[in-house]
Amino acid sequence: MDQYSYGLGTEHFTATHGDEPPHDAGSSTRYLQNALAAWRTNPSPQNWMGLLSEFYGAYVAVPVNSQGQLVMYIHEGQLAIPAHTRREAVHEWCAALGIQERPQIRMMLGDDLVSVIASIRPDHCIMLDPQEAAVAIYAVDEYVSGYSRFGNLKAALRSNDVQRGFLDRIVQVLMRPGAQIVYMMSPGSNQQHYPQLVNRPTDGAVACPLFTSALEVFRFQPQAGAGQTSVEWFRRYLPANVPICIDLAAEGHVVEISPQQLSAAGFWM
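If you're matching positions, the sequence shown starts at 46 in our numbering and goes up one per residue.
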């Protein structure tokens, strides 16, 4: 039986709290819910990578106590931090556990939450939707700790597929000072700065695939390698007539940014 426990220190939470969630953050949560359902139906490595990828870019509802500490509880003898895909599920979960204190709710990027746990309590887990699904995510999981990820970019991709300015938001994240990105390398390649290009299935034109995490590379091409470099490298050396496409294997349509859109945003250096 689950039991209410205690919280993690405020200083750890506030120090790692990133961007405020956009008004349309619920869009990212819908993709996470779909990935969660796919994993529960078929717990394959491919679906686990998809679940983690969507979690990194989703804003989840995390309960915090009156001191601003992340709420923890004991699940089957394991200390866990609950993370909910629905805000209202936080109070439903508290009621089920008989918690009298009504916690505050903080919307937190999944990537940031993983970083918090990894830095201070790597042996604890994040319990995703503890009532409905109870899927545990550990910071020490090889799929989590072993591969690069950029949750802010994933969140931008998932912010809203149809909203005006949607692509502008993605480009702004890419152009942040010091921004890093994951790219695909040919199987067995050790060439750090030579990404593998692809041909668009519609017209055969060359495009440059970029990824929000190494997991997305492996979902698209399991035999390929994944590299990481600065976005500045692409801004300097990617030919100006080549479009960028992001997360080719993710659910939904592939996000493509044309050379004209990149140029208008001042992408090229």
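Where a beta carbon is used, it is the ideal one built from N, C-alpha and C, also for glycine. Because the structure is a prediction, the values reported are computed rather than measured.
Beta strand (DSSP E) segment containing residue i, residue limits
i           : result
residue 272 : 270–275
residue 149 : 149–154
residue 256 : 251–256
residue 106 : 104–109
residue 309 : Segment 304–309 is the alpha helix (DSSP H) holding residue 309; no beta strand (DSSP E) there.
residue 120 : 115–120
residue 224 : Here residue 224 belongs to no beta strand (DSSP E), and DSSP marks it neither H nor E.
residue 173 : 170–173
residue 124 : 123–128
Cβ neighbours of residue i in the same chain (closer than 6 Å, five flanking residues each side left out)
i           : result
residue 103 : 73, 74, 77, 155
residue 124 : 117, 169
residue 198 : 218, 257
residue 98  : 258, 260, 261
residue 265 : 293, 294
residue 167 : 184, 185
Sequence-distant residues of its chain with Cβ nearer than 8 Å to residue i (five each side left out)
i           : result
residue 207 : Bear in mind that a pLDDT of 48 at residue 207, under 50, signals an unreliable position, so the number given afterwards is only what the model happens to contain. Excluding positions up to five away in sequence, the list is empty.
residue 309 : none
residue 85  : 178, 180
residue 134 : 106, 174, 176, 177
residue 269 : 229, 230, 231, 232, 241, 262, 263
residue 150 : 106, 107, 108, 109, 132, 135
Supposed contact pair residue j and residue i - C-beta distance, whole angstroms, cut 8 Å
i           : j           : result
residue 289 : residue 255 : 6 Å
residue 307 : residue 216 : 7 Å
residue 190 : residue 184 : 6 Å
From the options, residue whose alpha carbon lies closest to that of residue i
i           : options            : result
residue 161 : 267, 245, 107, 295 : 107
residue 278 : 144, 239, 270, 247 : 239
residue 251 : 261, 264, 286      : 286
residue 196 : 265, 101, 145, 166 : 101
residue 163 : 294, 152, 182, 150 : 182
residue 293 : 229, 79, 172       : 229
residue 312 : 188, 291, 280      : 280
residue 82  : 113, 253, 130      : 130
residue 112 : 247, 231, 295, 146 : 146
residue 96  : 305, 185, 295, 304 : 295
residue 276 : 245, 314, 304, 247 : 314
residue 227 : 80, 149, 274, 128  : 274
residue 186 : 202, 249, 159      : 159
residue 200 : 172, 247, 152, 166 : 152
residue 202 : 172, 272, 291      : 291
residue 138 : 172, 272, 304, 166 : 172
Residue range of the alpha helix (DSSP H) that includes residue i
i           : result
residue 94  : 90–101
residue 289 : Where residue 289 is concerned, there is no enclosing alpha helix (DSSP H), although the beta strand (DSSP E) it sits in stretches over 289–291.
residue 215 : 211–219
residue 185 : That residue, residue 185, is in no alpha helix (DSSP H); it is neither H nor E in DSSP.
residue 196 : 196–202
residue 262 : 259–265
residue 135 : 133–142
Own chain partners of residue i with C-beta closer than 7 Å, once the 5 adjacent residues on each side are dropped
i           : result
residue 121 : none
residue 245 : 252
Check your understanding: Would you call the segment 210–226 and the segment 296–312 touching, i.e. three or more CB-CB distances under 8 Å?
Key -> yes
Review point. Are the segment 217–229 and the segment 76–92 touching, with three or more C-beta to C-beta distances below 8 Å?
Key: no
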